[in-house]
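**Student:**
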Amino acid sequence: MVQVLPPDRLSYGMQLPVQAQSVVFAEGWEAGAGPEDLVAVARAADRAGFAYVACCEHVAIPRRLAGTMGTVWYDPVATLSYLAAVTERVRLLSHVAVVGLRHPLISAKQYATVDRLSGGRLILGVGAGHVAEEFAAVGVDFARRGALLDEAVDALKVALGEEEFPEFAGERFAFGGLGQAPRPVQRPRPPVWVGGSSPAAVRRAAVRGDGWLPQGDRREQLPRQIATLRRLREAAGVVEPVEVGAIAEPVYVGKPGWDVGRRTLVGPPERIAQSLREYGAMGVRQVQVRFRSRGRAELVEQVGVFGAEVGPLLNG
């Protein structure tokens, strides 16, 4: 049974460990972890009622950024397909795929296959990208990445739709008369969520997205960003509801007994739920959490406790 995101309730998902190992957010134990750890955490999230698990994309990291970003970035298509086989309900989110790096028909083939293999659990999260060397390496103009993403999103929405022989004509991408199967399970197509918090990203989410995945906005910034998103969406005449997300502070349920950092949201389930409900009051409908942990066992435990004791309190 596919997990459906309820339209008027606050749901929760998580970015998976191991698959991306930037020093900005990865825990120390992840450097020695592997596929079995990734599977264990994904299964824990599946059992705990998480709406989605997510993985992100970078093709290659230049030396100038490797010290901060690391070079471990699992491919999202391969990773989500792998996890589709070992989970049952949790949705599979690319947060985010840099779809401007490749032709939309290639991305459509890959992500339609993920949706088919998972029984309709894909959420396609997309973003513009920020590493110039990646674009240069594959022959894509980094300076035009925003316009390129706009057209790629339009093309993907067509290519992932119900037509077996989709047709699209844009400035850079054009296709027609070519059949692609398997088609996605979801109808009319899998949802497309746009990542980013720049004015261009918010505008893109408002006009083209089914959802918005902010990046780095503090709590006090979100109400203004959400108001802008809704205003731009209304002005564009888009009447379908938009799934508004947020990335919460790091979380640790209970008493850690070790230094989890000043920014971490720590305490009993009631305190954490009360804090996260503030996002719901802003208009957020799905909040992404990242847990502090010293190893796989502690992370799996945190995921389970959050699902059992915090999740039921998020909606009163």
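Its first residue numbered 2, the sequence shown is counted upward by one per residue in the working numbering. Backbone N, C-alpha and C fix where the C-beta goes; we use that ideal spot for every residue, glycine too. Just so we're clear, the structure is a prediction, and the values are computed from it rather than from any experiment.
Name the DSSP bridge partner or partners of C56?
**Tutor:** As a working note, residue 56 is residue 55 in the sequence shown. Its beta-bridge partners are S95.
**Student:** As a quick exercise: from A52, R219, P192, pick the residue whose alpha carbon is nearest that of E279.
**Tutor:** Walking along the sequence shown from the start, residue 279 turns up at place 278. For the residues A52, R219, P192, the minimum Cα distance to E279 belongs to R219.
**Student:** If I follow the unbroken alpha helix (DSSP H) through Y13, where does it start and stop?
**Tutor:** For the purposes of this step, residue 13 is taken as residue 12 along the sequence shown, with counting starting at 1. Careful: Y13 lies outside any alpha helix (DSSP H), inside the beta strand (DSSP E) at 12-16.
**Student:** Whose C-alpha, out of G180, R190, L230, is nearest the C-alpha of V199?
**Tutor:** As a first step, residue 199 is located in the sequence shown; it is residue number 198 there, counting from the start. One detail in the question is off: residue 199 reads as Ser in this sequence, not Val. Per the Cα distances, L230.
**Student:** Tell me, to the nearest whole angstrom, how far the beta carbon of A52 is from that of G308; I am working on the premise that it is less than 8 Å.
**Tutor:** By 1-based counting over the sequence shown, the position of residue 52 is 51. By 1-based counting over the sequence shown, the position of residue 308 is 307. The Cβ separation is near 11 Å, so there is no contact.
**Student:** Looking only at C-alpha atoms, which of T265, A98, V240 sits nearest to V60?
**Tutor:** Taking the sequence shown and counting its residues from 1, one reaches residue 60 at position 59. Answer by Cα proximity: A98.
**Student:** Output the distance between the C-alpha atoms of Y75 and A144, rounded to the nearest integer angstrom.
**Tutor:** As a position in the sequence shown, residue 75 is number 74, starting the count at 1. As a position in the sequence shown, residue 144 is number 143, starting the count at 1. Rounded to the nearest angstrom, the two C-alpha atoms are 25 Å apart.
**Student:** If you measure between the beta carbons of A160 and L106, is that distance less than 8 Å?
**Tutor:** Counting from 1 along the sequence shown, the entry for residue 160 is found at position 159. Counting from 1 along the sequence shown, the entry for residue 106 is found at position 105. Yes. Within cutoff.
**Student:** Does the stretch 301-317 come into contact with the stretch 8-16, if we say contact requires no fewer than three beta-carbon pairs (one atom in each stretch) closer than 8 Å?
**Tutor:** Yes, they touch.
**Student:** Strictly by DSSP, which residues pair up with A21?
**Tutor:** Taking the sequence shown and counting its residues from 1, the one referred to as residue 21 is at position 20. A21 is bridged to W74.
**Student:** Buried or exposed: where does T72 fall if 16 or more other Cβ atoms within 10 Å of its Cβ makes it buried?
**Tutor:** For the purposes of this step, residue 72 is taken as the residue at position 71 of the sequence shown. The residue is exposed, with fewer than 16 neighbouring Cβ atoms inside 10 Å.
**Student:** Would you mind working out which of V290, A206, H104, Q187 sits nearest G128, comparing C-alpha positions?
**Tutor:** Looking up residue 128 in the sequence shown gives position 127. G128 has its Cα closest to that of A206, out of V290, A206, H104, Q187.
**Student:** Check A175 in the structure and name its three-state DSSP category.
**Tutor:** The count along the sequence shown starts at 1 and reaches residue 175 at position 174. A175: strand per DSSP, three-state reduction.
**Student:** How many angstroms separate the CA atom of V245 from the CA atom of A32?
**Tutor:** Locating residue 245 in the sequence shown gives position 244, counting from the first residue. Locating residue 32 in the sequence shown gives position 31, counting from the first residue. Those two C-alpha atoms are separated by around 32 Å.
**Student:** With a cut-off of 8 Å on the beta carbons, I'd call P185 and R263 a contact; round off their distance for me.
**Tutor:** Counted from its first residue, the sequence shown places residue 185 at position 184. Counted from its first residue, the sequence shown places residue 263 at position 262. That belief does not hold up - the Cβ atoms of P185 and R263 are roughly 43 Å apart, past 8 Å.
**Student:** Grab the span of the alpha helix (DSSP H) containing V261 for me, first residue to last.
**Tutor:** Here residue 261 refers to the residue found at position 260 of the sequence shown. Run containing V261: none; DSSP gives neither H nor E here.
**Student:** Measure the Cβ-Cβ separation of I166 and H104 and say whether it is below 8 Å.
**Tutor:** Locating residue 166 in the sequence shown gives position 165, counting from the first residue. Locating residue 104 in the sequence shown gives position 103, counting from the first residue. Here residue 166 is Phe; the residue named in the question, Ile, does not match the sequence. Cβ distance not < 8 Å, so F166 and H104 don't count as in contact.
**Student:** Which of the three DSSP states, helix, strand or coil, is assigned to E244?
**Tutor:** Taking the sequence shown and counting its residues from 1, the one referred to as residue 244 is at position 243. In this structure, E244 counts as strand in the three-state DSSP scheme.
**Student:** How close, in whole Å, do the beta carbons of L150 and G101 come, if the pair is a contact with beta carbons under 8 Å?
**Tutor:** Taking the sequence shown and counting its residues from 1, the one referred to as residue 150 is at position 149. Taking the sequence shown and counting its residues from 1, the one referred to as residue 101 is at position 100. Indeed, because the Cβ distance is near 5 Å, the residues count as touching under 8 Å.
**Student:** Give the single residue among V141, P191, A67 whose Cα lies nearest to the Cα of L94.
**Tutor:** Numbered from 1 along the sequence shown, position 93 holds the residue referred to as residue 94. Ranking the options by Cα distance to L94, first place goes to P191.
**Student:** For a minimum of 4 consecutive residues, which ranges assigned as the alpha helix (DSSP H) are wholly contained in the stretch 96-153?
**Tutor:** Runs of the alpha helix (DSSP H) inside the stretch 96-153: 105-119, 133-138.
**Student:** For the stretch 197-221, list the alpha helix (DSSP H) runs that are entirely contained and at least 4 residues long, ordered along the chain.
**Tutor:** Correct list: 200-209.
**Student:** If you draw a straight line from the alpha carbon of R65 to that of E134, how long is it in whole angstroms?
**Tutor:** Numbered from 1 along the sequence shown, position 64 holds the residue referred to as residue 65. Numbered from 1 along the sequence shown, position 133 holds the residue referred to as residue 134. Approximately 10 Å, taken between the alpha carbons.
**Student:** Does DSSP put A61 in a helix, a strand or coil?
**Tutor:** For the purposes of this step, residue 61 is taken as residue 60 along the sequence shown, with counting starting at 1. Correct three-state label for A61: coil.
**Student:** Is G162 near E168, with beta carbons less than 8 Å apart?
**Tutor:** Against the sequence shown, residue 162 aligns to sequence position 161. Against the sequence shown, residue 168 aligns to sequence position 167. Cβ distance not < 8 Å, so G162 and E168 don't count as in contact.
**Student:** For V186, which three-state DSSP category applies?
**Tutor:** Taking the sequence shown and counting its residues from 1, one reaches residue 186 at position 185. Coil.
**Student:** Grab me the residues of P270's own chain with a C-beta within less than 7 Å of its C-beta, minus the 5 sequence neighbours each way, in chain order.
**Tutor:** The count along the sequence shown starts at 1 and reaches residue 270 at position 269. Closer than 7 Å at the Cβ level, and outside the excluded window around P270, lie V254, E310, V311, L314.
**Student:** Cα-Cα, which of G197, A113, S119 is closest to C57?
**Tutor:** Residue 57 sits at position 56 when you count from the first residue of the sequence shown. Measuring from the Cα of C57, the nearest candidate turns out to be G197.
**Student:** As a quick exercise: from V252, S108, V54, pick the residue whose alpha carbon is nearest that of L277.
**Tutor:** Within the sequence shown, numbered from 1, the residue matching residue 277 stands at position 276. With distances taken between Cα atoms, L277 lies closest to V252.
**Student:** Does the distance from the C-beta atom of Y112 to that of V78 stay below 8 Å?
**Tutor:** Stepping through the sequence shown from its first residue, residue 112 is reached at position 111. Stepping through the sequence shown from its first residue, residue 78 is reached at position 77. Yes, the Cβ-Cβ distance between Y112 and V78 is below 8 Å.
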